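Student: If you read the sequence shown in this note's numbering, its first letter stands for residue 38, the second for the next number, and so on. Got a structure here, written out as structure tokens. Questions coming.
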Amino acid sequence: MMLVKNKKTLTLMRIAAFIVTIMSIYFFAPWQFALYYLQPLPATIKEQTQEAIEQGVDGIIVYIHIQGQQPESFANGWHNRDQKIPAYATALFKIGSIRKLYDASALTKLASAGLIDVDKTLADYLPSLIGRIENADKITLRMMVKHRSGIPNYTDTDHFDWSITYPDPLALVLDTPADFSPNADYGYSNTNYLLLRKIMSNVLGYDHNQFIKNEILTPLGLTNTFESVNEINLALLMSGYYVGYENDFKALDQGYVATAQDVGDFIVALNNGTFFSEQEQALYASLYKYEHTGWVLGYSSIARYYKDIDTVVVQFINTNGNDTVLLTEIIYNRIIDILTAQQ
């Protein structure tokens, strides 16, 4: 696979991640998480998935692709706890913000083809937003891709509710002050990508999701990736749960769904240098990252590539709420530590 970061940088990043995890556990985590983090590692990934269930998550899927080896998949817990259906590795799952990697890739291809200029402004492409989004005439698409626009995140607004499907979530941030001046800071905002999707669809003259299917999913053979729960048999979608609630949130339309293998194969392609042309690769590298996490109601996901062990690891957990964001990271980091020890 292509070297995205050199080994020294990767080592420093791994150390930094370890320090952040330790500090987070010390200051924020329940003591049981701190004690769990410090427990000896199990010998196998299968045992680690069982430990995850014992820590309180309902179900887990793990997909591992070590370069040069056959991919492996693991599943534990419940696919549907009410119907007592065991988790299985080929289930569909809501991937949340991991879809931003697909969006950034599509934008890269459109820009490289000369159909979009990432250094033009939001106002250039959506002039109706002048006066409705502060600094629309100064915010470039490049800033939006990199979360440096200052546009407020609609999922952080007081009136946003994860259990509601909004016909136009952009309305939640119109006519509100910017978080900061364009390119003056970093602020993760789902609104950036909501707007980028609108721009891509407008430029194409058809739904950008169709472009992603035509130019990314189909060429890569990703036949188990879908833009909505409305495109699938819901029985194949892993149920999603929130701590303290009995509800199964699977029926909510919250964006892309995919199997762990499809996500893993996409991460492999994104990192190995074969997915983009040389021109596209250079542009993408200047715009966005090569890994992501995802969170929607009932679903937490992580997809990353590790150069030092030449491995892609995707983790799906169908329980969130309370302190489970930290728990899912601890489980994931323990999986990486097991894989590293096995090298």
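The beta-carbon is built from N, C-alpha and C at its ideal position, and this holds for glycine as well. This structure is a prediction, so every number in the text was calculated from the model and none was measured.
Would you give the residue range spanned by the beta strand (DSSP E) that E109 belongs to?
Tutor: Here residue 109 is taken as the residue at index 72 of the sequence shown, counted from 1. Looking at the DSSP string, the run of the beta strand (DSSP E) that includes E109 is 109-117.
Student: For Q298, which of helix, strand or coil comes out of DSSP?
Tutor: Locating residue 298 in the sequence shown gives position 261, where the first residue counts as 1. Shown here, Q298 sits in a helix according to DSSP, grouped into three states.
Student: Within the chosen definition, does the region 216-236 reach the region 186-199 through at least 3 CB pairs nearer than 8 Å?
Tutor: yes
Student: In terms of alpha-carbon separation, which member of K344, E315, A272, L334 lies closest to Y327?
Tutor: Residue numbering aside, residue 327 sits at position 290 when the sequence shown is read from its first letter. When each option's Cα is compared against that of Y327, the closest is K344.
Student: How about the region 93-112 and the region 346-353: do they share at least three Cβ pairs that are nearer than 8 Å?
Tutor: yes
Student: Roughly how many whole angstroms lie between the Cα atoms of L129 and S165?
Tutor: The residue given as residue 129 occupies position 92 in the sequence shown. The residue given as residue 165 occupies position 128 in the sequence shown. Between L129 and S165, the C-alpha separation is close to 37 Å.
Student: Is the CB-CB distance between N355 and G96 below 7 Å?
Tutor: For the purposes of this step, residue 355 is identified with residue 318 of the sequence shown, where counting begins at 1. For the purposes of this step, residue 96 is identified with residue 59 of the sequence shown, where counting begins at 1. It is a contact, given that the beta carbons lie within the stated cut-off.
Student: Closest to S218 by CA distance: which of D174, P79, V155 is it?
Tutor: As a working note, residue 218 is residue 181 in the sequence shown. Minimum Cα distance to S218 is reached at D174.
Student: Mind pulling the beta strand (DSSP E) runs of 3 or more residues that sit fully within the region 338-374?
Tutor: Counting only runs of 3+ residues, the beta strand (DSSP E) found wholly inside the region 338-374 occupies 348-354, in chain order.
Student: Could you say which of R179, N117, Y139 lies nearest to F313 if we only look at CA atoms?
Tutor: Looking up residue 313 in the sequence shown gives position 276. F313 has its Cα closest to that of Y139, out of R179, N117, Y139.
Student: When the Cα of V305 is compared with those of D290, D285, G258, which residue comes out closest?
Tutor: Here the question's residue 305 lines up with position 268 in the sequence shown. Among D290, D285, G258, the Cα nearest to that of V305 belongs to G258.
Student: Hey, how far is the Cα of Y223 from the Cα of Y100?
Tutor: Numbered from its first residue, the sequence shown carries residue 223 at position 186. Numbered from its first residue, the sequence shown carries residue 100 at position 63. In a straight line, the C-alpha of Y223 is about 31 Å away from that of Y100.
Student: With distance defined between alpha-carbon atoms, name the residue in Q69, P204, N308, Q87 nearest to I372.
Tutor: Indexing the sequence shown from 1 puts residue 372 at position 335. Out of Q69, P204, N308, Q87, Q87 has the C-alpha closest to the C-alpha of I372.
Student: On the DSSP bridge assignment, give the partners of P123 in chain order.
Tutor: The residue given as residue 123 occupies position 86 in the sequence shown. Paired residues: W115.
Student: Please classify H196 as buried or exposed, where buried requires at least 16 neighbouring CB atoms within 10 angstroms.
Tutor: Counting from one through the sequence shown, the residue named residue 196 turns up at place 159. H196 should be labelled exposed.
Student: Which residues in the same chain as T330 place their Cβ atom closer than 6 Å to its Cβ, once the five residues preceding and following it in sequence are excluded?
Tutor: Numbered from its first residue, the sequence shown carries residue 330 at position 293. If we look at T330 and ignore the five residues flanking it on each side, its Cβ neighbours are I339.
Student: If I measure Cβ to Cβ from K44 and keep anything under 8 Å in the same chain, skipping five residues before and after, which residues do I get?
Tutor: Here residue 44 corresponds to residue number 7 of the sequence shown, with the count starting at 1. Residue confidence is low: K44 scores 43 on pLDDT, short of 50, so the model does not pin down where it sits. Its coordinate-derived value is still stated next. K344, D345, listed in sequence order.
Student: What is the DSSP secondary structure of Y279, counted as helix, strand or coil?
Tutor: The count along the sequence shown starts at 1 and reaches residue 279 at position 242. In this structure, Y279 counts as strand in the three-state DSSP scheme.
Student: Leaving out the 5 sequence neighbours to the left and right, which residues in its chain are closer than 7 Å to P206 when beta-carbon positions are compared?
Tutor: Residue numbering aside, residue 206 sits at position 169 when the sequence shown is read from its first letter. The answer, listed in chain order, is Y191, L231.
Student: May I have the straight-line CA-CA distance separating K301 from R169, to the nearest angstrom?
Tutor: What you label residue 301 is simply residue 264 of the sequence shown in a count that begins at 1. What you label residue 169 is simply residue 132 of the sequence shown in a count that begins at 1. According to the sequence shown, residue 301 is Gly rather than Lys. Rounded to whole angstroms, G301 to R169 spans 39 Å at the Cα level.
Student: DSSP puts G242 in a beta bridge; with which residues?
Tutor: Your numbering for residue 242 matches position 205 in the sequence shown. In the DSSP output, where bridge partners are listed per residue, G242 has none listed.
Student: Could you check if I367 is buried or exposed, using at least 16 other CB atoms within 10 Å of its CB as the buried criterion?
Tutor: Taking the sequence shown and counting its residues from 1, one reaches residue 367 at position 330. Label assigned to I367: buried.
Student: Cβ atoms of G358 and Y279: under 7 Å apart, would you say?
Tutor: For the purposes of this step, residue 279 is identified with residue 242 of the sequence shown, where counting begins at 1. For the purposes of this step, residue 358 is identified with residue 321 of the sequence shown, where counting begins at 1. Yes; because the gap between Cβ atoms is below 7 Å, this pair is in contact.
Student: Pick helix, strand or coil for L254, following the three-state DSSP scheme.
Tutor: Translated into the one-based positions of the sequence shown, residue 254 becomes position 217. Of the three classes helix, strand and coil, the one that applies to L254 here is helix, per DSSP.
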